[in-house]
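Visitor:
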Amino acid sequence: MLEGILTGLGTAIMPMNLFMVVVGCFVGTFIGMLPGLGPISAIALMIPITYGLDPASGIILMAGVYYGAIFGGSTSSILINAPGCSGTVVTSFDGYPLAAKGQAGKALAIAAYASFTGGTISAIFLLVAAPMLAEVSLSFQSADYFALMVLGLSAVAAFSGRGQVIKALLMTVFGLMLSTVGTDRATGVQRFTFGSIDLLDGISFLLLAMATFALAEAMMSVLNGEHKDDASSSNDMKELGSMKLTKEEVKEIAPTIGRSSVLGFLIGVLPGAGATIAAFLAYGVDRNLAKAKEKLKFGTGSLRGLAAPEAANNAASSGSFVPLLTLGIPGSGTTAIMLGALISYGIQPGPRLFVDNPEVFWSVIISMYIGNVVLLILNLPLIPYISRLLIIPRPILVPMILLFSITGVYLVSFNSMDIMIMAGVCTLAIGLRLLTFPMAPLLLGFILGGMMEDNLRRALLINDDSISFLWERPITLVIMLITALVLIAPLFQKTIKRIFKVETDPADLAID
Amino acid sequence: MNLTKERIGALFFLLLSIIYGYYGTEIRLYPGDELEPMNARTMPYFLSLMGIGFSLILLITGKTHDKDDHDQSREWIPVVLLISLTLLYGLTLDWLGFIVSTILFLIGGFRILGEKRWRILLQVSIPFVLIFWFGLTQLLDIYLAPGRLFTGLFTG
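Sequences listed follow chains A and B, in order. Sequential numbering from 871 applies to the first sequence in the numbering used here. Sequential numbering from 3 applies to the second sequence in the numbering used here.
And the structure:
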């Protein structure tokens, strides 16, 4: 393991890769600050840029963008009460009241320290857990992978919240349907190509991601009239004030940060439950643990209420890399998009990644830590300046985001037909968003569809054309039982909510 | 039966799954493939059935009334115009080339979203596109073909 860490460190501290982390954190912070644009869009916008880079640098850049986007989301939650992404909605519960009291600087500092600690603790856990899990998963067979993918897809649907489960399942099926378009990898037969040469290779993952997220989210902000908000948001922006914390304040938030980091990491590892759920749960747990007097402060500017979700969402972001790096199965929309990018580099994440491309595996883990340091020592002092970017008038900013999304796809395919297809897919995505269908399961289904079919086919072949492997192989059986449990869990959602006393339902938010 | 958002969505997916399933039956199979436990049609059939099943569940169990969101006004016109602008950009890119069509796209986008001062429209879009083009072609060495209209004009 030490050799691996050194390999990762060697790769991560190469000047080019350090530059990528810094750029990723800055760009991510900026995009994350923009209300409506979440980490998925931020990463999607980066993919075309990473095509010219080597895989390690590319994934390091995207990982930097990921933490940057979460951090940027917190900044806009605190400063203008407009969460940049769903994972930071809880941050605004106590962050904005603090800013309203003239303590925005302190709130930002707590957010940064909590994020840093959450990121650091989870990076250490990742360092230990990922190689262990990767080694265990080397014994996995096609049947187990198939079962894991079913679990991943079911979990995303199950964790999508009250009233959303069936909709998320439908979107997953829709994603799986889209993945069948093109030439069947096993038999070479064309499926749903309708005679079009453009569809022989299937639908482009980048096009789908850009059109359903970056383009559609920018359009949704226009639809909701947010493009007119520039004047009000800049007026609403609070004065920062001092960023210093007293000893008592540090003592008050330290246990919260520790607890929430561990909780966040564990939730992040679970497929389907990302930063949003981690932040909500950490907030709920900490409020339950608080004394009666302290409990009243929650929602009015409690330091603990701010530190808990911040530590948890960052820890969950790192935790979500565990299933991606070790099993090759993304647990969230954000890691799904990273999986798509890795596959386009010719790298197959999974247990073999640890063996075949150790430099990618370890450098991502090491760069996570470097990313957290960058966020703390570079981004925090620069927040007053970065937040000024929010003042760029939306009528100027939105068309530029649209342009980056469009050219991002065009500059890979050089096919102007793709731009028109994007417009069509974006229109459909807007319609589905208005009908309150979640988008992340679509992307997850699309990415996993091909792999799922291949693994099922192989499992059947190995098992003499019988599906008995689902109950005869112990590992597969356990995974399938967990899947069944996960699917019936939403029925007990009320009980879970009562335990954590969470008032706002994460169901109303997008899966990250 | 109220046609709520959920039910509209369910009907859409029901129709989609049926059409998908129908075209699934038209996937060509090699001789003997139908005897295999899994062929090119298996997954589409299964997905079509799942789609139909989930749509029906949503149709039956979905909300009977939508939340009243009258206070949330939607700005449809700029969105429709921006999507049309995107389509137009796709159509003109090959003909006008990257620089001209992108400048026009940005000016159009800025105007649709309410920026009417020509000085700003030109001062932002032209330098931005030129720097972007320079970065792509000169720094990243990406070849961007000149517009067909210009190559046609200058090469006869």
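We treat Cβ as the ideally placed atom computed from N, Cα and C, and that holds for glycine. In this text the structure is predicted, and so the values were computed from the model without any measurement.
Using only the alpha-carbon positions, how far apart do Phe100 of chain B and Ala1124 of chain A sit?
Guide: The count along the second sequence starts at 1 and reaches residue 100 of chain B at position 98. The count along the first sequence starts at 1 and reaches residue 1124 of chain A at position 254. C-alpha separation (whole angstroms): 53 Å.
Visitor: Would a check of beta-carbon distances place Pro1265 of chain A closer than 7 Å to chain B?
Guide: Locating residue 1265 of chain A in the first sequence gives position 395, where the first residue counts as 1. Yes, contact with chain B.
Visitor: So does the stretch 95 to 110 of chain B actually touch the stretch 138 to 151 of chain B, counting three or more Cβ pairs closer than 8 Å?
Guide: The stretch 95 to 110 of chain B vs the stretch 138 to 151 of chain B: in contact.
Visitor: Near Tyr1015 of chain A, what residues of its chain come up, given a Cβ to Cβ distance below 7 Å and the 5 sequence neighbours on each side ignored?
Guide: By one-based count along the first sequence, residue 1015 of chain A stands at place 145. Taken in chain order, the residues that qualify are Asn1325.
Visitor: What residues of chain B sit near Asp1335 of chain A, judged by a beta carbon separation below 9 Å?
Guide: The residue you call residue 1335 of chain A lines up with position 465 of the first sequence. Near Asp1335 of chain A (Cβ distances below 9 Å), the residues of chain B are Glu38, Pro39 and Met40.
Visitor: Does the distance between the C-beta of Asp68 of chain B and the nearest non-hydrogen atom of the ligand ZN fall short of 6 Å?
Guide: Inclusion of the ligand ZN in the displayed structure is not the case, the ligand content being empty and no account of it being possible.
Visitor: If we cut at 7 Å on Cβ distances, does Gly92 of chain B have a partner in chain A?
Guide: Within the second sequence, the letter at position 90 stands for residue 92 of chain B. True, the Cβ-Cβ gap to chain A drops below 7 Å.
Visitor: Quick check on DSSP: helix, strand or coil for Arg1061 of chain A?
Guide: Taking the first residue of the first sequence as position 1, residue 1061 of chain A is located at position 191. Strand at Arg1061 of chain A.
Visitor: Using the Cα positions of Asn41 of chain B and Phe48 of chain B, report the straight-line distance between them to the nearest angstrom.
Guide: Residue mapping note: residue 41 of chain B aligns to position 39 of the second sequence, counting from 1. Residue mapping note: residue 48 of chain B aligns to position 46 of the second sequence, counting from 1. Going from the Cα of Asn41 of chain B to the Cα of Phe48 of chain B covers about 12 Å.
Visitor: Taking a Cβ distance cut-off of 7 Å, strictly less, list which residues of the stretch 946 to 959 of chain A are near chain B, in chain order.
Guide: Correct list: empty, as no residue qualifies.
Visitor: Determine the direct distance from the alpha carbon of Ile1253 of chain A to that of Thr1170 of chain A, and round the result to whole angstroms.
Guide: Here residue 1170 of chain A is taken as the residue at index 300 of the first sequence, counted from 1. Here residue 1253 of chain A is taken as the residue at index 383 of the first sequence, counted from 1. The straight-line gap from Cα to Cα measures roughly 23 Å.
Visitor: Can you find the residues in the same chain that come closer than 6 Å, C-beta to C-beta, to Leu1357 of chain A, ignoring five residues on each side of it along the sequence?
Guide: Here residue 1357 of chain A corresponds to residue number 487 of the first sequence, with the count starting at 1. The answer, listed in chain order, is Ser1024 and Ala1028.
Visitor: Could you confirm whether any beta carbon from chain B is found closer than 7 Å to the beta carbon of Glu1323 of chain A?
Guide: Residue 1323 of chain A sits at position 453 when you count from the first residue of the first sequence. Yes, because at least one Cβ of chain B sits closer than 7 Å to the Cβ of Glu1323 of chain A.
Visitor: Mind listing which residues of the stretch 1340 to 1358 of chain A have their C-beta closer than 8 Å to chain B's C-betas, in chain order?
Guide: Under the 8 Å Cβ criterion, the stretch 1340 to 1358 of chain A contributes no residue.
Visitor: Among residues of its own chain, excluding the 5 on either side of Leu1076 of chain A, which ones have a beta-carbon nearer than 8 Å to its beta-carbon?
Guide: Counting from 1 along the first sequence, the entry for residue 1076 of chain A is found at position 206. Contacts found: Ala914, Ile917, Pro918, Gly1210, Ser1214, Gly1278, Val1279 and Val1282.
Visitor: Excluding five sequence neighbours on each side, which residues of the same chain lie with their C-beta closer than 7 Å to the C-beta of Leu5 of chain B?
Guide: As a working mapping, residue 5 of chain B is identified with position 3 in the second sequence. The answer is none, since no qualifying residue turns up.
Visitor: Identify every run of the beta strand (DSSP E) within the stretch 1206 to 1271 of chain A, keeping only runs that are complete inside it and at least 3 residues long; order them along the chain.
Guide: As far as the stretch 1206 to 1271 of chain A is concerned, it has no whole beta strand (DSSP E) run of at least 3 residues.
Visitor: Which word fits Gly922 of chain A, buried or exposed, when buried means at least 16 other C-beta atoms lie within 10 angstroms of its C-beta?
Guide: Start at 1 with the first residue of the first sequence, and residue 922 of chain A comes out as number 52. Classification for Gly922 of chain A: exposed.
Visitor: How should Gln140 of chain B be labelled, buried or exposed, when 16 other C-beta atoms within 10 angstroms of its C-beta is the threshold for buried?
Guide: Your numbering for residue 140 of chain B matches position 138 in the second sequence. Exposed, because fewer than 16 other Cβ atoms sit within 10 Å of the Cβ of Gln140 of chain B.
Visitor: Ile950 of chain A: which of A:Val1020, A:Ile1337, A:Ala1084 and A:Ser962 sits nearest, CA to CA?
Guide: Locating residue 950 of chain A in the first sequence gives position 80, counting from the first residue. Cα-wise, what sits closest to Ile950 of chain A is A:Ser962.
Visitor: For the alpha helix (DSSP H) that Leu1003 of chain A lies in, which residues bound it at each end?
Guide: To locate residue 1003 of chain A, count along the first sequence from 1; it is residue 133. Per DSSP, Leu1003 of chain A belongs to the alpha helix (DSSP H) from Ala974 to Ser1007.
Visitor: With distances taken between CB atoms, is the gap from Leu1039 of chain A to Phe56 of chain B smaller than 7 Å?
Guide: As a working note, residue 1039 of chain A is residue 169 in the first sequence. As a working note, residue 56 of chain B is residue 54 in the second sequence. Result yes, Cβ atoms of Leu1039 of chain A and Phe56 of chain B sit closer than 7 Å.
Visitor: Check for me: the alpha helix (DSSP H) holding Tyr32 of chain B runs from which residue to which?
Guide: Position 30 of the second sequence holds residue 32 of chain B. Where Tyr32 of chain B is concerned, there is no enclosing alpha helix (DSSP H), given that its DSSP letter is neither H nor E.
Visitor: Within 10 Å of its beta-carbon, does Arg121 of chain B have 16 or more other beta-carbons around it, so buried, or fewer, so exposed?
Guide: In the second sequence, counting from the first residue as 1, residue 121 of chain B sits at position 119. Its Cβ having fewer than 16 others within 10 Å, Arg121 of chain B is exposed.
Visitor: Chain B partners of Pro918 of chain A, CB-CB under 7 Å?
Guide: Within the first sequence, numbered from 1, the residue matching residue 918 of chain A stands at position 48. Ordered by position in chain B, no residue passes the 7 Å Cβ test against Pro918 of chain A, which lies about 10 Å from the chain.
Visitor: Taking only beta-carbon atoms, is Ile1036 of chain A less than 7 Å away from chain B?
Guide: On the first sequence, position 166 is the one that residue 1036 of chain A refers to. Chain B contact via Cβ: present.
Visitor: With DSSP as the reference, label Gly154 of chain B as helix, strand or coil.
Guide: Locating residue 154 of chain B in the second sequence gives position 152, where the first residue counts as 1. In this structure, Gly154 of chain B counts as helix in the three-state DSSP scheme.
Visitor: Once the 5 residues before and after Asp68 of chain B are set aside, which same chain residues still bring their CB inside 7 Å of it?
Guide: As a first step, residue 68 of chain B is located in the second sequence; it is residue number 66 there, counting from the start. Contacts found: Thr6 and Lys7.
Visitor: According to DSSP, is Gly1052 of chain A part of a helix, a strand, or is it coil?
Guide: Within the first sequence, the letter at position 182 stands for residue 1052 of chain A. Gly1052 of chain A: strand per DSSP, three-state reduction.
Visitor: In chain A, which residues lie less than 8 Å from Gly137 of chain B when you measure between Cβ atoms?
Guide: Translated into the one-based positions of the second sequence, residue 137 of chain B becomes position 135. Correct list: empty, because the minimum Cβ distance to chain A is about 11 Å.
Visitor: To the nearest angstrom, how far is the alpha carbon of Met890 of chain A from that of Ile1247 of chain A?
Guide: Residue numbering aside, residue 890 of chain A sits at position 20 when the first sequence is read from its first letter. Residue numbering aside, residue 1247 of chain A sits at position 377 when the first sequence is read from its first letter. Spanning the two alpha carbons is a distance of roughly 16 Å.
Visitor: Check whether the stretch 1254 to 1273 of chain A touches the stretch 1159 to 1166 of chain A, taking contact to mean three or more Cβ pairs, one atom from each stretch, closer than 8 Å.
Guide: No, because fewer than three Cβ pairs between the stretch 1254 to 1273 of chain A and the stretch 1159 to 1166 of chain A fall closer than 8 Å, the two stretches do not touch.
Visitor: When you compare the CB of Thr1297 of chain A with every CB in chain B, is at least one pair closer than 7 Å?
Guide: As a working note, residue 1297 of chain A is residue 427 in the first sequence. Chain B contact via Cβ: present.
Visitor: Any C-beta of chain B sitting closer than 7 Å to the C-beta of Thr1306 of chain A?
Guide: In the first sequence, residue 1306 of chain A corresponds to position 436, counting from 1. Chain B, which has a Cβ nearer than 7 Å to the Cβ of Thr1306 of chain A, makes this yes.
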